[in-house]
Amino acid sequence: MMPTAPNADQLRARIRLLANLLGKTIERQAGSDTLQTIEYLRQGYIEERQNPNPERRAALKRTIAALDDDRLKNVIRGFSLYFALANLAEEDLLRQERAAARESGSLWEGSFHHTLQQCRDNDLSPEQVAELITQLRFIPVFTAHPTEARRRTTMSILQNLYRLCDRLDHTTENSAARERILKEAADLIDLLWASDEIRTRKTLVYDEINNGLHYFNASLFQAIPQTYRNLREALNRIYPELKNTVLPPLLRFGSWIGGDRDGNPFVTFETTEQAVLMHADNVLRYYSKQLKHLRNRLLHCASITAIDPAVNARNEHYARLGVTVFEYNPEDYSNEPYRRLLVLMRAKIQHTNRYIQSMGADKAAAEHAYHSPKDFLDDLILIRDALKQHDPEQADGDIQDLIRLVRSCGFHMASLDIRQESVYHTNVVADIFAHAPNLPDYHSLDEAARLDILNRLLAAPGVPLIFENNLSAETREQLALMRTIARLRDLVGPHTFGSYIISMTHHASHILEVLFLMRFAGLSGQDSEGRPYAALPIAPLFETIEDLKAIDDILPVLLDNPDYRALLANQGDTQEIMLGYSDSSKDGGILTSAWQLYRAQQNILAIARKYHIKTRLFHGRGGSVSRGGGSTHHAIAAQPPGTLQGEIKFTEQGEVLYAKYANPETAVYELTMGITGALKASSTRFAKTPPRLAEYETLIGRMADASEKSYRDLTDRTDGIYQFFVDATPVRELSLLNIGSRPAHRRKGTPTKETIRAIPWVFGWSLARFMLPAWYGVGSALAAIRAEDRPLMDEMREQWPFIDAFISNIEMAFAKTELATAENYSQLCPDDALRATVMQAVKDEYQKTLDGLNGVLKQQHLLEHQPRLAASLRWRDPYLDPINHIQIELLRRSRAKNGEDADVNDPLIRSINALAAGLRNTG
């Protein structure tokens, strides 16, 4: 059945269908009273949105207050599962639209065909396109911040429902096939209700690692080769001259899960080892499964088909392994050389996994294990090239997909980054100095003296030795980590680890400290030719506004160091630099953060050109707009021209992993949009400098100053603002929700800007519908635009992708703000004067932002030019309203009992989960 592009009516119909099934489930499993309560609240808040009425509103609140904790629990579950199903229906709608576009031959912005056609239209030659693709590296890095707190059980059920929706799209009304699918859907929704959607215990790092593996198994192992296949097809169509060009492994994946120890005491060297072993086990098991699949497809018989003798020669090469593998029948597959070789390869992959899981102790497995992914690839390529001679379709089929997957994932699956705070390293180095003869008190040294002593130690030959017994636990842990990294790189492969990231980098010595600590495990030093090397690239992370401004001071000091510059020369002259979106936004506000990040990239580019190096920028983006979220394609396109030199690395926060990678088709779309964004941003034909950029920058600089003043007036100069934050939002209760292994605060007690982490800062304000981090200060910035500058602002939106993407993202986030709901949450703050001060500031800035956005966008109301998003929010809001008001009631109950009543906390936890599902991109 040919797919057709769906419309809003079809979406509403699909949501109604799933909601009706959910209603029947609730009635069966929780009783008609529960369903009636949900319906009363749903209808009441819909009517309240359409025609506000104080008496109705009061009656709804009285109804909520009268419900016991158990009934509230079931009511919240009903709304939460509704949002899960509605989100699923929206995703299916987008899938249908893309399918319809493919069938009709039309192209959507960001598709490979559309992007390559733009290359043709912009007169990029085949050679230029080939060079762009060759240098392209697109590296999503998964992190463990699951503010959308789904359990894997829930995700699996929803993925099965998504597949049923796909099947439903290809049936006709009243058909027997449709009825069977609806029955399956009803059964799955019954399971959704019967299973628990929240975690009943605190998340372990092991759980977070497992959660990351889930997305590879559920979608990415299929999506990665499909993405390459789609690119190949588009190239063949738009640039047939490149038909024989081999695609590079432009897709790579990274992970912080099990490697990010900054502020997380539960991530140790053992955890890092566990993460790598789980990665390897997962990908090698998948390869084994695919080899079994290929064995059942490549049935070519040597007595019928002339097969390259090299295949039989490889079988003979593995004869010793064959004695064991074919012990039951030595002649098995003797006339089917592909199948025989694939059986042997599968055995070798299994031996490889055994060897890795034993940390190299299983010597029997070592004999037949692949020594590297390259050896495995050699066997796959041998079969593919042999197939080309007599069965080119099979040669370009599943085996080609497996080759491309292995090139991207190796035996490591995803490269594990290591992250630690600079102060930790400084203390470890100081401890080593304190226990070593003839070394000074490191803490007492100024920056110049630290650089001098570190340079001298790094220039010394050999691996330093140290007696560890007297060292602190932190120092022993750090040295054990370095040894673990070295051992696992040797065992699994050089791409097992990605980068070593230093958060809160304030000085050049912070980079040299890590190089010094690497020496103790042989991870840095001099190679056989006497050149300095580091096994892992070291990436300074610049997070706060002051850090971003200090890049001009830190990088030149580092690059003026001849030994460090020689080390970079040994690493392809490439320096990785990470930019933190979350903390800079929390520090100075969303516009100041965005502008300083933009300026930082410009400064990095200027420094790189001066020192004749390349840079790989690592963007630490979150899911929410206030943490750098939004469309990956447009975010990449909005980077300063010249700053993206083929390689881009960025975090995919745990909260958005489900939205992007839960299903193969969605994953293919997201990967495609990211790759094409990177391709365009790497080409001067797309990433052009606007002629009046200097004037744009002057205006945006003035706006950023006004924005930062307004934001700091609230967050730095309003006494009691953080007490208000704790009282008027559920941030204190987030610790009840078992969503992550990392503590929400760096220290206990009432949080401050320094102690609260960016995620709960954003999550708390979002749940209470303030959304402050996503827009506060923007209104003051827009109000600072003088009348004579308005034509320039209009031109900026047309000519400058940075400001266009920024305004679009702000409007989307701002539209989710509900001041009336926020006002209700503010009543939880017992300090009347504080509440009045904060709410007046919020209302004033809100009005400035509303007027400013509508003025700049030349519209009468928000989202006038984004009707689909507006429609999505319109149907969501009446369902969010009851959850918000239930949560306010539960916060009162919980706090009255000091948060110690499990019967109250259970539905409260569920209300947080439900709002996260309804709002999306919350933290």
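Using the numbering used here, read the sequence shown as starting at 179 and increasing by one per residue. Cβ coordinates follow ideal geometry from the N, Cα and C atoms, glycine included. The structure presented is a predicted model; accordingly, all values stated were derived computationally and were not measured.
Which residue or residues does DSSP assign as beta-bridge partners of residue i?
i, result
"P710", "Q704"
"L1103", "Within the shown structure, residues of the chain are numbered from 179 to 1101, placing residue 1103 beyond reach of any answer."
"K827", "I317 and F796"
"D438", "R597"
"I1108", "No information on residue 1108 is available, as it lies outside the stretch 179 to 1101 that the chain covers here."
"L294", "Paired residues: none, contrary to the question."
"L429", "F316"
"T854", "Its beta-bridge partners do not exist; DSSP assigns none."
"T752", "K792"
Which residues bound the beta strand (DSSP E) around residue i?
i, result
"E177", "What is shown of the chain runs 179 to 1101, which leaves residue 177 out entirely."
"Y678", "F675 to S681"
Look at the Cβ atom of residue i, then the Cβ atom of residue j, and state whether they are nearer than 9 Å.
i, j, result
"L871", "R947", "no"
"P710", "D741", "yes"
"D438", "I596", "yes"
"L737", "L726", "no"
"L189", "G201", "no"
"L636", "S702", "yes"
"Y471", "D576", "The sequence shown places His at residue 471, rather than the Tyr named in the question. Going by C-beta atoms, H471 is nearer than 9 Å to D576."
"N1062", "N1002", "yes"
"V489", "L558", "no"
"A815", "A845", "no"
"P551", "F611", "no"
"I168", "A484", "With the chain covering 179 to 1101 only, the question about residue 168 has no answer from this structure."
"E825", "T321", "no"
"P403", "L583", "yes"
"E886", "G957", "no"
"Q780", "P868", "no"
"T810", "E848", "yes"
"D368", "R206", "yes"
"A882", "T770", "yes"
"D1081", "D247", "yes"
"N352", "Y464", "no"
"L476", "Y516", "yes"
"A592", "G390", "yes"
"A1009", "G898", "The displayed chain sequence assigns Asp, not Ala, to residue 1009. Yes, these two residues count as a Cβ contact at 9 Å."
"G676", "L594", "yes"
Between which two residues does the alpha helix (DSSP H) containing residue i stretch?
i, result
"T810", "T810 to A815"
"A354", "A354 to A372"
"N198", "A186 to A208"
"P969", "R968 to Q977"
"I1066", "P1045 to A1074"
"I254", "D247 to S282"
"N616", "N616 -> no alpha helix (DSSP H), and no H or E assigned at all."
"C587", "D576 to C587"
"F903", "I899 to A906"
"M537", "Note, M537: premise wrong, no alpha helix (DSSP H); not H, not E."
"G820", "Careful: G820 lies outside any alpha helix (DSSP H) and carries neither H nor E."
"V670", "A651 to V670"
Is the shortest distance between the beta-carbon of residue i and the beta-carbons of chain C less than 9 Å?
i, result
"S512", "Going by chain labels, chain C is absent from the structure shown, which holds only one protein chain."
Quick test of your reading: residue i and residue j, contact by CB under 8 Å. State the CB separation rounded to the nearest angstrom.
i, j, result
"L499", "H546", "5 Å"
"A267", "C343", "7 Å"
"A772", "F720", "Between F720 and A772 the Cβ distance is about 14 Å, and since that is not below 8 Å, they are no contact."
"Y417", "L285", "About 15 Å separates the two Cβ atoms, so there is no contact after all."
"E225", "R234", "7 Å"
"S681", "D440", "5 Å"
"L1006", "D905", "5 Å"
"L945", "T999", "About 10 Å; that fails the 8 Å criterion."
"L960", "L1051", "About 21 Å; that fails the 8 Å criterion."
Quick check: the region 299-319 against the region 869-882, are at least 3 beta-carbon pairs closer than 8 Å?
no
Given 8 Å, three or more beta-carbon pairs between the region 1043-1055 and the region 1086-1093
no
State whether the region 790-799 contacts the region 754-761, with contact taken as three or more CB pairs (one from each stretch) at a distance under 8 Å.
They touch, by the three-pair rule.
Using a Cβ distance threshold of 8 Å, determine whether the region 652-667 contacts the region 594-611, with at least three qualifying pairs required.
Yes, the region 652-667 is in contact with the region 594-611.
Taking contact to mean at least 3 C-beta pairs separated by less than 8 Å, is the region 535-547 in contact with the region 563-573?
no
When the Cβ atoms of the region 613-630 are set against those of the region 665-682, are three or more pairs found closer than 8 Å?
no
Taking 8 Å as the threshold, find out whether the region 515-526 comes into contact with the region 461-470 through three or more Cβ pairs.
yes
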